[in-house]
Amino acid sequence: MRRKLVAGNWKMNGDRASLAELDLVERAAATHAGVDVAIAVPFTLIERAADRAPDLSIGAQDVHENDRGAHTGCVSAAQVAEAGARFVIVGHSERRGDQGETSHDAWAKAAAAHRAGLSVILCCGETEAERDAGRAERVVQAQVEKSLPDDADGSWLTLAYEPRWAIGTGRTPTLDEIAAIHSIARAKMRHMIGEKADGVRILYGGSVTGDNAAAIMAVPDVDGALVGGASLTAAKFVPIIEAAGA
Ligand code: PEP
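In my numbering, the protein residues as written are 28 to 273.
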């Protein structure tokens with residue numbers, strides 16, 4: 028049985044005052060003990076967030092693929108772990124789009140995070156043009172093939188399917204479309220890592236809200252949600268945790 032995971036991604040939002048939102052999120056997580064709750068905050072807030080909400084899993088939104096060295100402006104997995112992060116998001120579509128990161132980069136960053144003892148949320152997802160061209164399944168298969176580490180298993184790795192055109196747009200695929208991609212992603216992982224794939228959670232991400240979370244999380248092979256905009260306030264995030272725990 029895979030436990031549901033609801034993970035927030037604050038992106039480049041939030042300041043010290045925003046950490047007050049974590050108090051209610053932590054309380055909601057405590058009352059839904061069957062749901063894992065995680066929030067990836069900006070680097071600058073990791074340590075304070077981890078101190079303030081010790082029962083939440085606090086994470087980072089990126090790490091460098093190397094363990095140390097001359098990489099000005101970058102942060103290593105060991106550094107975020109020392110600050111209190113328990114996980115990191117890699118391969119997010121905004122990093123693919125803004126920084127030109129590839130699936131190979133996501134693979135290297137996932138491996139670096141694992142070396143440092145962090146869990147990983149590994150993102151994949153097609154663009155709107157790729158979906159319109161009928162290529163969504165092939166794109167996701169190829170991304171998983173290039174980014175999933177050989178030693179991946181559910182104890183440290185979670186896959187997140189996030190169609191790029193659904194992120195921050197208020198648009199979502201149909202439930203059947205989500206089911207189809209999650210099923211092919213699971214099949215691809217089985218092909219690569221065998222039955223360990225059955226222990227890997229697959230989150231859906233892209234415009235998840237308190238209104239659509241229950242229906243999305245009832246789809247087969249959807250093991251939770253990766254949430255951007257609606258994770259910024261407890262008022263919007265807590266209903267998603269509640270939907271996962273229902
Ligand atoms: C995301 O960026 O991972 C995301 C899912 O964003 P949103 O929920 O705002 O679409």
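Each residue gets a CB set at the ideal place from its N, CA and C atoms; glycine is no exception.
To the nearest angstrom, how far is it from the Cα of residue i to the Cα of residue j?
i    : j    : result
G41  : L149 : 23 Å
G274 : K223 : In the structure displayed, the chain extends from 28 to 273; residue 274 sits before or after that span and is not available.
D132 : P176 : 11 Å
T129 : G118 : 7 Å
V167 : R158 : 10 Å
V265 : I208 : 26 Å
L83  : R191 : 27 Å
A65  : G35  : 6 Å
V246 : A271 : 12 Å
E121 : K136 : 15 Å
G189 : R79  : Just to set this straight, residue 189 is Glu in the shown sequence, not Gly. Taking the straight line from one Cα to the other gives about 29 Å.
V52  : G152 : 27 Å
K38  : G195 : 11 Å
A242 : E269 : 12 Å
A77  : S146 : 15 Å
G237 : A193 : 16 Å
L253 : A143 : 22 Å
Q170 : R162 : 12 Å
V33  : I267 : 7 Å
D50  : A187 : 26 Å
K31  : A160 : 32 Å
D225 : A138 : 20 Å
A97  : R165 : 37 Å
A206 : Q126 : 29 Å
A156 : E204 : 16 Å
V115 : R95  : 17 Å
N239 : P81  : 29 Å
G111 : V102 : 14 Å
T99  : A140 : 19 Å
A273 : G61  : 9 Å
G221 : V68  : 33 Å
S174 : G86  : 20 Å
Kindly identify the DSSP beta-bridge partner or partners of residue i.
i    : result
K31  : V62
F114 : G86 and S146
G232 : L253
L186 : L149 and I229
N36  : A67
On the premise that residue j lies in contact with residue i, defined as a C-beta separation below 8 Å, what is that separation, rounded to the nearest angstrom?
i    : j    : result
R228 : T185 : 5 Å
D250 : S210 : That pair is no contact at about 13 Å.
M219 : E172 : 7 Å
Sufficient close CB pairs (3 or more, under 8 Å) joining the segment 207 to 221 to the segment 256 to 263: Taking a contact to require three or more Cβ pairs closer than 8 Å, the segment 207 to 221 and the segment 256 to 263 do not qualify as touching.
contact_flag[the segment 164 to 181, the segment 106 to 116] where n(CB pairs < 8 Å) is 3 or more: No: fewer than three Cβ pairs fall under 8 Å.
Three or more C-beta pairs below 8 Å linking the segment 233 to 247 and the segment 193 to 204: The answer is yes - the segment 193 to 204 touches the segment 233 to 247, with three or more Cβ pairs under 8 Å.
Validate contact between the segment 43 to 57 and the segment 66 to 81 using beta carbons, cut 8 Å, 3 pairs: The segment 43 to 57 and the segment 66 to 81 touch, with no fewer than 3 CB-CB distances between them shorter than 8 Å.
Stretch-stretch touch, CB-based, cutoff 8 Å, three pairs: the segment 46 to 63 with the segment 89 to 96: Contact between the segment 46 to 63 and the segment 89 to 96 is absent, because fewer than three Cβ pairs lie under 8 Å.
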